Amino acid sequence: DSGVTQTPKHLITATGQRVTLRCSPRSGDLSVYWYQQSLDQGLQFLIQYYNGEERAKGNILERFSAQQFPDLHSELNLSSLELGDSALYFCASSPAAVGMNTEAFFGQGTRLTVV
Amino acid sequence: QKEVEQDPGPLSVPEGAIVSLNCTYSNSAFQYFMWYRQYSRKGPELLMYTYSSGNKEDGRFTAQVDKSSKYISLFIRDSQPSDSATYLCAMSGGTGFQKLVFGTGTRLLVSP
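For the protein sequence lines, the chains are A and B, in the order given. Sequential numbering of the first sequence, starting at 1, is according to our numbering. Sequential numbering of the second sequence, starting at 116, is according to our numbering.
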């Protein structure tokens, strides 16, 4: 158990809908990362938050947004969903934003299926 | 060209074999190198973490980094069926300092 908790584990929704994925980082970790994993693309970095502030942005679509709350949990919001958004969405956490300790610990993921 | 290249496999070996998994990369600014193991439908699990060039050993696992060749390796000794999983390399550094760039993963199958 990595200590990173993601909910829900599975989500099935229709095209055009909006969903929210939730992540609770390991105790003491200030950084939260979101990744998307699909079969043909591997793990793609979406966005990183550190102590409530956005720190780095990857290939995140404009239809997607995220935030990190004062209690450090994070939510990833996906809207106007398309079939191609079906993927595993992982959250990871680490203690630091920049510096020596950059390894990240992953949650078990949310499997999103858009039908 | 992808920043990190990794052969997707699958790589099939008999139990007890030495396994060599590799990644190449193009960004010379990368300084931190990691290997993750991912079982089917589970989150990636951190196996090894190294900084800059050199070797690091942990039990049956050895990670090697050759920055001059932009090449990293993970060796698994005495492989077990329980090692069957997808192995992902990841690295960070330079302008993308706060994000980990992953390879696509190599699927390893260890047969009894």
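Each residue gets a CB set at the ideal place from its N, CA and C atoms; glycine is no exception. Fair warning: this is a prediction, and the values are worked out from it, not measured in the lab.
Element boundaries [beta strand (DSSP E), containing residue i]
i: glutamine 36(A); result: 31-38
i: glutamine 67(A); result: 64-68
i: arginine 111(A); result: 110-114
i: lysine 255(B); result: With chain B represented from 116 up to 227, any question about residue 255(B) goes unanswered, as that position is not in the structure.
i: asparagine 77(A); result: 74-78
i: asparagine 137(B); result: 134-140
i: serine 86(A); result: From DSSP, serine 86(A) is part of no beta strand (DSSP E); its letter is neither H nor E.
i: serine 27(A); result: No beta strand (DSSP E) contains serine 27(A), which DSSP labels as neither H nor E.
i: leucine 46(A); result: 42-50
Proximity winner among the options, relative to residue i (alpha-carbon distances)
i: glutamine 6(A); options: Tyr33(A), Gly28(A) and Phe64(A); result: Tyr33(A)
i: aspartate 85(A); options: Gly16(A), Gly3(A), Ser24(A) and Val4(A); result: Gly16(A)
i: phenylalanine 69(A); options: Ala14(A), Cys23(A) and Ser2(A); result: Cys23(A)
i: arginine 55(A); options: Glu62(A), Leu61(A) and Ala66(A); result: Ala66(A)
i: leucine 215(B); options: Leu203(B), Asp181(B), Gln195(B) and Arg175(B); result: Leu203(B)
i: phenylalanine 145(B); options: Val180(B), Pro159(B) and Arg222(B); result: Val180(B)
i: phenylalanine 64(A); options: Ala104(A), Ala92(A), Ser80(A) and Gln44(A); result: Ser80(A)
Residue-chain proximity (residue i, chain A), Cβ-Cβ < 8 Å
i: glycine 220(B); result: yes
i: phenylalanine 217(B); result: yes
i: lysine 182(B); result: no
Beta carbon proximity, residue i to chain B, threshold 8 Å
i: glutamine 75(A); result: In the sequence as displayed, the identity of residue 75(A) is glutamate instead of glutamine. Chain B contact via Cβ: absent.
i: proline 95(A); result: no
i: phenylalanine 90(A); result: yes
i: glutamine 68(A); result: no
i: glycine 107(A); result: yes
i: alanine 87(A); result: no
i: glutamate 82(A); result: no
i: serine 2(A); result: yes
i: glutamate 62(A); result: no
i: alanine 14(A); result: no
Counted within 10 angstroms of its Cβ, other Cβ atoms place residue i as buried (16 or more) or exposed
i: aspartate 193(B); result: exposed
i: serine 207(B); result: buried
i: glycine 99(A); result: Any reading at glycine 99(A) must be qualified, since the residue scores a pLDDT of 48, below 50, and its modelled position is unreliable; no value is offered.
i: threonine 113(A); result: exposed
i: glutamine 36(A); result: buried
Residue i beta carbon near the ligand ZN (any heavy atom closer than 7 Å)
i: tyrosine 186(B); result: As far as ligands go, the structure on display features none, and thus does not contain the ligand ZN.
With 7 Å as the limit, tell me which residues of the stretch 42-57 of chain A have their beta carbon closer than that to any beta carbon of chain B; keep them in chain order. Residues passing the 7 Å Cβ filter: Gly42, Leu43, Phe45, Gln48, Arg55 and Ala56.
- Query: If contact means a Cβ-Cβ distance below 8 Å, which residues of the stretch 147-173 of chain B contact chain A?
  - Reply: Here the close residues are Tyr147, Met149, Tyr151, Arg156, Lys157, Gly158, Pro159, Glu160, Leu161, Tyr164 and Tyr166.
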